[in-house]
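Visitor: Residue numbers (this note's numbering): 8 to 220.
Heads up, the beta-carbon is just placed ideally off N, CA and C, and yes, glycines get one too.
These numbers were taken from a predicted model, which means no experiment stands behind them.
Sending over a structure as structure tokens; questions will come in a sec.
Following this line, the structure appears as structure tokens:
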């Protein structure tokens, strides 16, 4: 899962969203330097990554990209799944995607003082490019892959990735929609995160107005 999905899977809590966003930037036990709920968000991020990396459907998506990306194929799938979350957004949330994105930029700005230095440096770029909003377009995926490859060990194979994605677009989409309810159920059960998806997809118990899970 990439930024958009991690933020979505944090529910409405500002602290959980902040910690989940920071998860990739906080290594080892450095999470202990943050407030309790932010720490919980960082640990949530790690559990989401573990669950995702070991899910059979995600591994099926990764297999199409392994020829050129090898062990980094999961990075491409993470970015690609943010694309499908953007495209399928109304299936998973009552809030508009643009409103959700704006609210998360505002969270990062409000908590600027506790961001790690390298995140502070990147934040104006993330907001200026509207990084969270670019995933909805295939061009945004390609651009993101190129940017990540310049700043990490991800191979620069964006042309290969885009060819595979276009050739298997509906296969990837179906795999995302099969996987995503599983990760929603996981974080709701383990971390007690309340998500819009349950309100959209589960009937109300007419006796007390609560959701039936």
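Put residue 220 into one of helix, strand or coil per three-state DSSP.
Guide: Confidence in residue 220 is poor, its pLDDT being 26 and thus under 50, which makes the residue's placement too unreliable to answer from.
Visitor: Hey, how far is the Cα of residue 219 from the Cα of residue 182?
Guide: With a pLDDT of 27 at residue 219, under the threshold of 50, the predicted position of this residue should be treated as unreliable, and no value is reported.
Visitor: In three-state terms, what does DSSP make of residue 69?
Guide: Reduced to three states, the DSSP call for residue 69 is helix.
Visitor: How is the alpha helix (DSSP H) around residue 10 delimited, first residue to last?
Guide: Note, residue 10: alpha helix (DSSP H), 10-15.
Visitor: Label residue 210 either buried or exposed according to how many other C-beta atoms from any shown protein chain fall within 10 Å of its C-beta, with 16 as the threshold for buried.
Guide: At residue 210, the pLDDT of 39 sits below 50, so the modelled position is not reliable; the number obtained from the coordinates is stated separately. Exposed, by the Cβ-count rule.
Visitor: Look at the Cβ atom of residue 86, then the Cβ atom of residue 27, and state whether they are nearer than 8 Å.
Guide: The answer is no: Cβ separation not under 8 Å.
Visitor: To the nearest angstrom, how far is the alpha carbon of residue 84 from that of residue 149?
Guide: C-alpha separation (whole angstroms): 12 Å.
Visitor: Classify residue 34 as helix, strand or coil using the three-state DSSP reduction.
Guide: If DSSP states are grouped into helix, strand and coil, residue 34 belongs with coil.
Visitor: So what does DSSP say about residue 142, is it helix, strand or coil?
Guide: It is coil, neither helix nor strand.
Visitor: Can you list, in chain order, the residues of its chain whose CB lies under 8 Å from that of residue 122, leaving out five sequence neighbours each side?
Guide: The residues are 29, 115, 130.
Visitor: Ignore the nearest five residues each way along the sequence and tell me which others in residue 31's own chain have a CB closer than 8 Å to its CB.
Guide: Answer for residue 31: 52, listed in chain order.
Visitor: Can you tell me where the alpha helix (DSSP H) holding residue 105 begins and where it ends?
Guide: It spans 104-117 - the alpha helix (DSSP H) in which residue 105 sits, taken as one unbroken run.
Visitor: Between 168, 25, 73, 47, which has its C-alpha nearest residue 197's C-alpha?
Guide: Nearest C-alpha to residue 197: 47.
Visitor: Please classify residue 212: does DSSP put it in a helix, a strand, or coil?
Guide: A caution first: residue 212 carries a pLDDT of 38, below 50, which makes its placement in the model too unreliable to give a value.
Visitor: To which residues of the same chain is residue 151 closer than 6 Å at the C-beta, ignoring the five residues directly before and after it?
Guide: Contacts found: 86.
Visitor: Using the rule of at least 16 other Cβ atoms within 10 Å of the residue's Cβ for burial, across every protein chain shown, is residue 25 buried or exposed?
Guide: Buried: at least 16 other Cβ atoms inside 10 Å.
Visitor: Tell me whether residue 80 is buried or exposed, calling it buried when 16 or more other Cβ atoms sit within 10 Å of its Cβ.
Guide: The residue in question, residue 80, is buried, as its Cβ has 16 or more Cβ neighbours within 10 Å.
Visitor: Can you list, in chain order, the residues of its chain whose CB lies under 7 Å from that of residue 20, leaving out five sequence neighbours each side?
Guide: These residues qualify, in order along the chain: 44.
Visitor: Looking only at C-alpha atoms, which of 62, 56, 172 sits nearest to residue 186?
Guide: The residue with the shortest Cα to Cα distance from residue 186 is 62.
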